[in-house]
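Below is one structure, written out as structure tokens, with a few remarks after it.
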Amino acid sequence: MIVLAGTIGAGKTSLTKLLSDHLNSQAFYESVDDNPILPLFYKDPKKYAFLLQIYFLNKRLDSIKKANSNKNNVMDRSIYEDALLFQLNADLGRATTTEVDIYKSLLDNMMEELENSSYQKNPDLLIYIDVSFDTMLKRIKKRGRSYEQIENDPSLYEYYKELTSRYNDWYKNYNYSPKIKIDGDKYDFVEDQNAANEVLKQIDELLK
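Taken in order, the sequence shown gives residues 1 to 208; the numbers are from full-length UniProt numbering.
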């Protein structure tokens with residue numbers, strides 16, 4: 001079981017598809033375009049941050065169970081990133097301490113249930129796509145989701161900047177599985193086939 005990690009616009013979805021095609025396995029994607037809560041969250045973060053986090057947690061757990069079905073299945077987001085994202089929302093005043101405590105307790109209980117079941121809890125490999133803040137902003141602009149655009153909500157600039165800085169520390173401290181960091185600035189695997197081949201080669205070497 002392989003999971004992708006990285007900030008918004010890092011290329012997780014694209015690499016998930018590349019990797020699952022390469023390994024002839026199944027891809028599991030984060031619920032974004034069909035997520036009814038995400039647009040509401042961007043309009044009113046304080047009201048919907050907790051609901052959004054619970055929604056993602058439920059979807060993430062479902063993906064982990066389904067990804068256990070076959071070898072080398074790939075998920076485009078790690079469940080261990082969720083606590084990072086929700087804690088940031090709390091630090092920005094978008095969620096309360098009580099909501100964070102409830103979320104973390106629920107997450108711990110869910111992971112304990114997985115551990116006591118036939119499902120594999122932790123991935124065999126985590127792939128972290130590291131991109132600079134500037135690259136992140138360019139990718140967000142390019143994919144054009146209106147609720148993600150800074151010109152529609154200037155406060156998103158500081159949110160994105162803080163998110164980028166926290167991810168580096170998160171990756172350093174991640175210890176639930178083997179891990180690899182992909183330089184998303186150096187290897188534009190979305191636009192450049194040679195870069196995509198190099199990234200897949202790096203992953204293959206580690207899997208071996």
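For every residue, glycine included, the Cβ atom is placed at its ideal position computed from N, Cα and C.
Selection K161, K17, K65 and Y119 evaluated against L137 yields K161 as nearest (Cα-Cα). Shown here, I127 sits in a strand according to DSSP, grouped into three states.
Excluding its 5 nearest sequence neighbours in each direction, A195 has C-beta neighbours in its own chain below 7 Å: Y187, D188 and F189, listed in chain order. Nearest neighbour of L57 by Cα position, chosen from P39, I203 and F86, turns out to be F86.
Runs of the alpha helix (DSSP H) lying entirely within the stretch 65-101 and spanning at least 4 residues, in chain order: 82-91.
Between V3 and P123, the CB-CB gap stays under 8 Å. Going by DSSP, D204 is part of the alpha helix (DSSP H) stretching over Q193 to L207. Comparing alpha carbon positions, the residue from N173, Q120 and A5 closest to E81 is A5.
A straight-line Cα-Cα distance of about 11 Å links Q120 and L61. Rounded to whole angstroms, the gap between the alpha carbons of S117 and T16 is 26 Å. The residue among L52, Y42, S63 and T98 with its C-alpha nearest the C-alpha of Q26 is S63.
DSSP, reduced to helix, strand and coil, places I182 within a strand of the structure shown. Just so you know, the alpha carbons of E205 and G11 end up roughly 21 Å apart. The beta-bridge partner set that DSSP reports for I2 consists of V74 and L125. Annotation for E99: F50 place their beta carbon closer than 6 Å to its own, counting only its chain and skipping 5 residues before and after. Ranked by Cα distance from Y174, the options S132, L126 and N73 are led by L126.
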